[in-house]
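A.B. asks: The sequence shown finishes on residue 232 if you use the numbering used here, and the numbering steps up by one all the way, no holes.
Note that beta-carbon positions come from the ideal geometry of N, C-alpha and C, so glycine has one too.
This structure is a prediction, so every number in the text was calculated from the model and none was measured.
Here's a structure for you.
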Amino acid sequence: ARERFGRFDGVLVSVGGPPPGFLGDLDDERWRASFESVFLGAVRLARTAAAELGEGGAIGFVLSSSVHEPIPGLTLSNGLRPALAGVAKSLATELGPRGIRVFGVLPGRIATDRIRELHGGGEPDAGGIPLGRLGAPEEFGRVAAFLLSPAASYMTGVMVPVDGGARHGF
């Protein structure tokens, strides 16, 4: 980014979701591979970004609504995403004195190939979403863009749900 654009303002760390499954379906190799890609991959990218960013920089993690409430059948994600939320919160405290913000974005049911795959290739049900529909990828992107921007300059250490109101907690 610095070579191409002359500056590096922030990064949105997004890794693919680990395979679905329940505890009995997931052997140690699946856990190791998912930890390596989902968790350590994100941590490595954040570490590299933190070394390069200056005041006003931002690091965002695309996590999951499973950070607050586990999703049945997504045991790997339910274990790894909250761990990354903890890393993000720790980094917010660590990097804040340098003027670098860190946050998590928690997508709920966003109309993506991944969500359709998890629902057997069909359209997932919008039941339980107060807005009555799945979110569009562009809607999620606008929230992430806002959080990375100077307009969110006093937001750090937060986990922002983008779920159409599906989460009922505060």
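1) Smallest Cα separation from residue 222: which of 154, 205, 93?
2) Rounded to whole angstroms, what's the CA-CA distance from residue 64 to residue 111? Just pull it up for me.
3) Nearest to residue 161 by CA position, among 229, 90, 213, 115, is which residue?
4) Figure out for me which residue from 101, 151, 79 has the closest Cα to the Cα of residue 175.
5) Just to confirm, is the Cβ distance from residue 196 to residue 229 under 8 Å?
6) Got a sec, what are the start and stop residues for the alpha helix (DSSP H) residue 94 sits in?
7) Considering just the uninterrupted stretch of the beta strand (DSSP E) at residue 171, what are its terminal residues?
8) Is it buried or exposed, residue 169, if we count other Cβ atoms within 10 angstroms and call 16 or more buried?
C.D. replies: Reading it off the structure:
1) 205
2) 11 Å
3) 115
4) 79
5) no
6) 90–96
7) From DSSP, residue 171 is part of no beta strand (DSSP E); its letter is neither H nor E.
8) buried
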